[in-house]
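All residue numbers in the sequence shown are consecutive under our numbering, ending with 291. Following: one structure in structure tokens, then a few remarks.
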Amino acid sequence: MEDFLININGQIHNGPEAQISVFDRGFLYGDSVYEATRTFNKKPFRIDQHIERLFQSAEKISLTPTFSREQILSEVLKTIHAGSASDATVRIVLTRGTNSDLGLDPELSGPNNLIIFTKEIKPNPAWWIADGVSMIFFQKKIEASGSLPKTGNYQENILAHKEAHAQKAYDAFLVNTHGFVTEGTTSNAWIIKDGVLYTPPLKDGVLDGLTRRALLEMAKRQKIILPLIEKSLNKDDFRNCDECFITSTTRNIVPVTKIEGRNVGSGSPGVMTLELLKQYLEFVN
Ligand code: PDD
7 MEDFLINING
17 QIHNGPEAQI
27 SVFDRGFLYG
37 DSVYEATRTF
47 NKKPFRIDQH
57 IERLFQSAEK
67 ISLTPTFSRE
77 QILSEVLKTI
87 HAGSASDATV
97 RIVLTRGTNS
107 DLGLDPELSG
117 PNNLIIFTKE
127 IKPNPAWWIA
137 DGVSMIFFQK
147 KIEASGSLPK
157 TGNYQENILA
167 HKEAHAQKAY
177 DAFLVNTHGF
187 VTEGTTSNAW
197 IIKDGVLYTP
207 PLKDGVLDGL
217 TRRALLEMAK
227 RQKIILPLIE
237 KSLNKDDFRN
247 CDECFITSTT
257 RNIVPVTKIE
267 GRNVGSGSPG
277 VMTLELLKQY
287 LEFVN
């Protein structure tokens, strides 16, 4: 059987048996924050940074965690060690708690619910690197600026992803209400133009991705081949770039070879992108 464990407030369950109250505010209102990371050989990747970002997201939605950082870390490690997979995805969800009523009032909730999922990870499909993936643009309606919290409300991202699939694309780049491309639905966005690497700044409404952070750190320490600039980028910047890619903790760097059905550069994964992937893997390992 697939290795899929779920820890609910300290109790570990097999995936299909795990249950939570229908009055949980994460279920009722998306009133929760979450993190997604992975393990390499049973070791969780950058777990301290993920827990820190979970707390930052919680602060942005005025959710006061009733679990400490140390308790969350200890439950994460307990769940990883209860499973047999050495490489697993790890999702940490913290909801505002279980309501005593159906009302919105946060005062109606009990202590937070902490849910940790660990599931054996499948290697990235080989075609992502061999062929690259295709993207569309999706216009966001909700105005959002600054570094975004990672909450349980992914409605616009879901609609964008659904639209990408309807157009037979892999995913969508989100475009903010000012016309700037911000990120993918679960990834950060990057382009290379004339030997310079660009990514949208957090102020445009972007999740402070940990893979993004690692690339910024590498650039600062001159550990990547290209200069890196954070800059607002519009759809034409993406359409006319030489290379393009997306990043996330579980996928690392994935080349984008088509945008709106048109080739990016030569239409094959970019040479610099593949070199950056190599350098990134060396850096994080
Ligand atoms: N998502 N932007 C969004 C909207 C995301 O949801 C994610 C991550 C990222 C990349 O962040 P990081 O490098 O820290 O993984 C950017 C994960 C993969 C998820 O929701 O499953």
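Ideal Cβ placement from N, Cα and C applies to all residues, glycine included.
Reducing DSSP to helix, strand and coil, say where residue i ends up.
{"i": "ILE135", "result": "helix"}
{"i": "SER38", "result": "strand"}
{"i": "ARG52", "result": "coil"}
{"i": "LYS241", "result": "helix"}
{"i": "GLY32", "result": "helix"}
{"i": "GLU266", "result": "coil"}
{"i": "LEU79", "result": "helix"}
{"i": "ASN20", "result": "strand"}
{"i": "LEU216", "result": "helix"}
Note down, in chain order, each residue of its chain lying with its Cβ closer than 8 angstroms to the Cβ of residue i, except the 5 sequence neighbours on either side.
{"i": "GLN285", "result": "MET224, LYS229, ILE230, ILE231"}
In whole angstroms, what is the alpha-carbon distance linking residue i and residue j?
{"i": "SER36", "j": "THR157", "result": "The sequence as given places Gly at residue 36; Ser does not occur at that position. Whole-angstrom Cα-Cα distance: 7 angstroms."}
{"i": "LEU110", "j": "LEU280", "result": "47 angstroms"}
{"i": "LYS125", "j": "GLU162", "result": "26 angstroms"}
{"i": "ILE57", "j": "PHE10", "result": "21 angstroms"}
{"i": "PRO50", "j": "PRO22", "result": "23 angstroms"}
{"i": "SER193", "j": "ILE252", "result": "6 angstroms"}
{"i": "LEU239", "j": "ARG59", "result": "25 angstroms"}
{"i": "TRP134", "j": "MET278", "result": "15 angstroms"}
{"i": "ASN105", "j": "LYS84", "result": "27 angstroms"}
{"i": "THR205", "j": "LEU34", "result": "35 angstroms"}
{"i": "PRO131", "j": "GLU113", "result": "45 angstroms"}
{"i": "ILE86", "j": "LEU108", "result": "34 angstroms"}
{"i": "ILE122", "j": "ILE14", "result": "7 angstroms"}
{"i": "GLY201", "j": "PRO233", "result": "8 angstroms"}
{"i": "PHE46", "j": "GLU76", "result": "21 angstroms"}
{"i": "GLY273", "j": "ALA195", "result": "17 angstroms"}
{"i": "ILE148", "j": "TYR160", "result": "12 angstroms"}
Assuming the contact rule is C-beta atoms closer than 8 angstroms, residue i and residue j should be a hit. Round their C-beta distance to whole Å, please.
{"i": "GLU249", "j": "ILE164", "result": "Not quite, the Cβ-Cβ distance comes to about 28 angstroms (not below 8 angstroms), so this is no contact."}
{"i": "LYS209", "j": "SER151", "result": "6 angstroms"}
{"i": "VAL260", "j": "VAL139", "result": "6 angstroms"}
{"i": "THR101", "j": "ARG31", "result": "6 angstroms"}
{"i": "ASP214", "j": "SER153", "result": "5 angstroms"}
{"i": "ALA220", "j": "VAL290", "result": "6 angstroms"}
{"i": "MET141", "j": "VAL262", "result": "5 angstroms"}
{"i": "ARG268", "j": "ARG245", "result": "7 angstroms"}
{"i": "ILE98", "j": "TYR40", "result": "6 angstroms"}
For residue i, which residues from the same chain have a beta carbon less than 7 angstroms from its beta carbon, with the 5 sequence-adjacent residues on both sides left out?
{"i": "LYS146", "result": "GLU162, LEU180, VAL181, ASN182, THR183"}
{"i": "LYS241", "result": "PHE143, VAL181, VAL187"}
Is it the case that the CB of residue i approaches a heavy atom of the ligand COA more closely than 7 angstroms?
{"i": "GLU189", "result": "Among the ligands present in this structure, namely the ligand PDD, the ligand COA is not found."}
Please go through the same chain and pick out, in chain order, the residues whose beta-carbon is closer than 6 angstroms to the beta-carbon of residue i, but skip the five residues on each side of it.
{"i": "LEU283", "result": "ILE259"}
{"i": "LYS69", "result": "For the sequence presented, residue 69 should be read as Leu rather than Lys. Result list for LEU69: ARG102, in chain order."}
{"i": "LYS226", "result": "none"}
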